[in-house]
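Q: Okay, here's the structure, questions in a sec.
2 protein chains.
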Amino acid sequence: MSLEQASEIQRRMYDFIVNYMKSEGMPPTNREIGRELNIASTGHVDYHLTMLEKKGLISRQAKKSRGIKLTKQVQEGIPVMGIIAAGEPLDIFSDASSSINIGSDMIETENTYALVVRGRSMIEDHICDGDYVVIKPQSTCQNGDIVVAVHMQEGASGSSTLKRFFQEKEHNRVRLQPANSELDPIMIPKSVWDREWQIQGKVVAIFRQCIAAA
Amino acid sequence: MSLEQASEIQRRMYDFIVNYMKSEGMPPTNREIGRELNIASTGHVDYHLTMLEKKGLISRQAKKSRGIKLTKQVQEGIPVMGIIAAGEPLDIFSDASSSINIGSDMIETENTYALVVRGRSMIEDHICDGDYVVIKPQSTCQNGDIVVAVHMQEGASGSSTLKRFFQEKEHNRVRLQPANSELDPIMIPKSVWDREWQIQGKVVAIFRQCIAAA
DNA sequence: TATCTTCTGGAATAGTCGTTCTAGTTTTTG
DNA sequence: CAAAAACTAGAACGACTATTCCAGAAGATA
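Here it is as structure tokens:
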């Protein structure tokens, strides 16, 4: 039922169909597929399309020109990859359980992902419990950026946290600042930072769903 | 260059193409168009397609089956209809100047629209200056809902505001409550409310773009 | 009234399209 | 090794498709 059990050529065929539909707005004909993949015979193309259909990747409308449909529509949204709660280990869903769909007009959707915020550690920056934060992966950032920082501890899975990042050169340390006056910032000597910490990405957008009156 | 200068039949043809592409994932053939619109001749269909092309609504790839493309891709996002600032007249863009694209998995996109928030009147509900609020149009709401309320004043364009709605039966009035302790709620006697006010819709989601460090 | 644009139907054509068949090669499996 | 499965090429067929030409009707224009 998935791409893994398709052969090399069938994978390339499937990719071509997806890209063709994205750029042309319609599925390709069997002959166009053959031309692209250097397949001499249309019967040959038909054979592999039948295989792709049998494996559940596409469906076809008999006799219709360009009668190819993708069974799973292309994932255009931003995958929700897990839950982030300050200080606790990041709960990563290996497979995106859902996705939020924010248009490419506003945000680069390439490589970005979303996390669900737990807790009130960034409440004074108006990031609430339950909000989705859209993360653009990057390993560096500027002072004041809201970032996902991961503490790599030996022998344990790293714990991650959502904080504002400040590099304090005068003290030779990094400060991870929550936006909650009840919570204390985390101060990390630069040497420890370099050894044990890692920036995973930066918050580029926030999305909140208002279910009912709070 | 627009739908207005197309004739009735051409408008129906254009609509059919849009709907067909949405449901089938490919453009229709000339014959399928003719069948749907009760046009006997394929030459006749070609004539109107040529007209639609001349008017800039579609483009065609000669000789290719289903060779129709929509020039302006279908607006799938939520249109940003204006700016809302507490108490000031709603700045409505008659034509959506932009759109944010939030997937239908999360929100009904049908009929919903977005407004850009100006000011800090809802800051304690963590709705900030510059945030997009997604509005689901409805004329009634429940206590505690965050709504767009419009004050219809005679001889002037109505002013609108973003507030929490409370019907206070014991005082026979409506209270529009800002989420900012520096601002006072608006108290409106029920009779005045019924005569001069109108609920335009309810906030169902919030979207914020983080440009840089604040 | 005469003229132009828009709209409609029918027929024909050249090429495109999905599908099927035969026949062969290569790779995998038992 | 032998059998099965997967892959490849070529050709051919009937249906489908876009396009063009002809001819006429309806309505607006001037």
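Protein sequence lines correspond, in order, to chains A and B.
Counted the way UniProt numbering counts, the first sequence spans residues 1 to 214.
Counted the way UniProt numbering counts, the second sequence spans residues 1 to 214.
Glycine is no exception: its CB is placed at the ideal position from the N, C-alpha and C atoms.
From a predicted model like this one, the values you see are computed outputs, not experimental measurements.
(1) Smallest Cα separation from A:Ile135: which of A:Asp129, A:Leu70 and A:Val204?
(2) Taking A:Gln200 as the reference, which of A:Lys55, A:Thr161, A:Ile68 and A:Met51 has the closest Cα?
(3) Runs of 3 residues minimum, wholly inside the region 146-203 of chain A: which ones carry the beta strand (DSSP E) assignment?
(4) May I ask you to list the residues that DSSP assigns as paired with B:Val116?
(5) Pull up the distance between the alpha-carbon of A:Ser104 and that of A:Thr112, whole angstroms please.
(6) Determine the DSSP secondary structure at A:Ile211, reduced to helix, strand or coil.
(7) Which residues, in chain order, does the region 164-183 of chain B contribute to contact with chain A at a C-beta distance below 7 Å?
(8) Taking the C-alpha atoms as reference points, what is the distance between B:Asp131 and B:Gln209?
(9) Kindly list, in the order they appear in chain B, the residues whose Cβ is closer than 7 Å to that of A:Val18.
(10) Can you grab the Cα-Cα spacing for the pair A:Ile58 / B:Tyr20, in whole Å?
(11) Anything in chain A within Cβ reach of B:Gly25, meaning under 9 Å, just list it in chain order.
(12) Identify whether B:Ser104 lies in helix, strand or coil by the three-state DSSP scheme.
(13) Between the alpha carbons of A:Glu8 and A:Thr29, how many angstroms are there, rounded?
(14) Examine chain B for any beta-carbon lying closer than 8 Å to the beta-carbon of A:Val150, and answer yes or no.
(15) In three-state terms, what does DSSP make of B:Arg66?
(16) Using the Cβ count rule (16 or more neighbours within 10 Å means buried), how would you classify B:Lys163?
(17) Less than 7 Å between C-beta atoms, sequence neighbours within five positions excluded: which residues of the same chain meet that for B:Ile127?
(18) Checking contacts by CB at 8 Å: is A:Ser65 closer than that to chain B?
(19) Just reading off the beta strand (DSSP E) that B:Ile58 is part of, what are its end residues?
(20) List, in chain order, every chain A residue whose beta-carbon is nearer than 9 Å to that of B:Ile206.
(21) So B:Leu52 is in the alpha helix (DSSP H); what residue range does that whole segment cover?
A: In short:
(1) The sequence position of residue 135 of chain A within the first sequence is 135, counting from 1. Sorting A:Asp129, A:Leu70 and A:Val204 by C-alpha distance to the C-alpha of A:Ile135 places A:Val204 at the top.
(2) Start at 1 with the first residue of the first sequence, and residue 200 of chain A comes out as number 200. Closest option to A:Gln200, Cα to Cα, is A:Thr161.
(3) Runs of the beta strand (DSSP E) inside the region 146-203 of chain A: 146-151, 159-168, 173-177 and 186-189.
(4) Translated into the one-based positions of the second sequence, residue 116 of chain B becomes position 116. Listed as beta-bridge partners of B:Val116 by DSSP are B:Ile83 and B:Tyr132.
(5) One-based indexing of the first sequence puts residue 104 of chain A at position 104. One-based indexing of the first sequence puts residue 112 of chain A at position 112. Its pLDDT being 47, under 50, A:Ser104 is placed unreliably by the model, and the measurement read from it follows with that caveat. In a straight line, the C-alpha of A:Ser104 is about 11 Å away from that of A:Thr112.
(6) Counting from one through the first sequence, the residue named residue 211 of chain A turns up at place 211. Coil.
(7) Considering only beta carbons, no part of the region 164-183 of chain B lies closer than 7 Å to chain A.
(8) By one-based count along the second sequence, residue 131 of chain B stands at place 131. By one-based count along the second sequence, residue 209 of chain B stands at place 209. B:Asp131 and B:Gln209 have their C-alpha atoms some 7 Å from each other.
(9) Counting from 1 along the first sequence, the entry for residue 18 of chain A is found at position 18. Here the premise fails: no neighbours, minimum Cβ distance about 12 Å.
(10) Taking the first sequence and counting its residues from 1, the one referred to as residue 58 of chain A is at position 58. Taking the second sequence and counting its residues from 1, the one referred to as residue 20 of chain B is at position 20. If you draw a straight line from the Cα of A:Ile58 to the Cα of B:Tyr20, it is about 19 Å long.
(11) Along the second sequence, one-based indexing puts residue 25 of chain B at 25. Against B:Gly25, the close residues of chain A are Met21, Met26, Pro27, Ile68, Lys69, Leu70 and Gln73, in the order they occur along the chain (beta-carbon pairs closer than 9 Å).
(12) Counting from one through the second sequence, the residue named residue 104 of chain B turns up at place 104. Note that B:Ser104 has pLDDT 46, beneath the 50 cutoff, so the model's placement of it is unreliable and no number is given.
(13) By 1-based counting over the first sequence, the position of residue 8 of chain A is 8. By 1-based counting over the first sequence, the position of residue 29 of chain A is 29. In a straight line, the C-alpha of A:Glu8 is about 20 Å away from that of A:Thr29.
(14) Numbered from 1 along the first sequence, position 150 holds the residue referred to as residue 150 of chain A. Answer no: the Cβ-Cβ gap between A:Val150 and chain B never drops below 8 Å.
(15) Along the second sequence, one-based indexing puts residue 66 of chain B at 66. Here B:Arg66 sits in coil by DSSP.
(16) Taking the first residue of the second sequence as position 1, residue 163 of chain B is located at position 163. Flag for B:Lys163 reads buried.
(17) Within the second sequence, numbered from 1, the residue matching residue 127 of chain B stands at position 127. Sequence-distant partners of B:Ile127 (beyond 5 residues in either direction) whose C-beta falls short of 7 Å from its own C-beta, in its chain, are Val117, Val133 and Ile206.
(18) Indexing the first sequence from 1 puts residue 65 of chain A at position 65. Yes, A:Ser65 lies at the interface with chain B (some Cβ there is under 8 Å from its Cβ).
(19) As a first step, residue 58 of chain B must be located in the second sequence, where it is residue number 58. Counted as a single uninterrupted DSSP element, the beta strand (DSSP E) harbouring B:Ile58 occupies residues Ile58 to Arg60.
(20) Counted from its first residue, the second sequence places residue 206 of chain B at position 206. The contacting residues are Asp131, Ile206, Phe207, Arg208, Gln209 and Cys210.
(21) Residue mapping note: residue 52 of chain B aligns to position 52 of the second sequence, counting from 1. Bounds of the alpha helix (DSSP H) holding B:Leu52 are Thr42 to Lys54.
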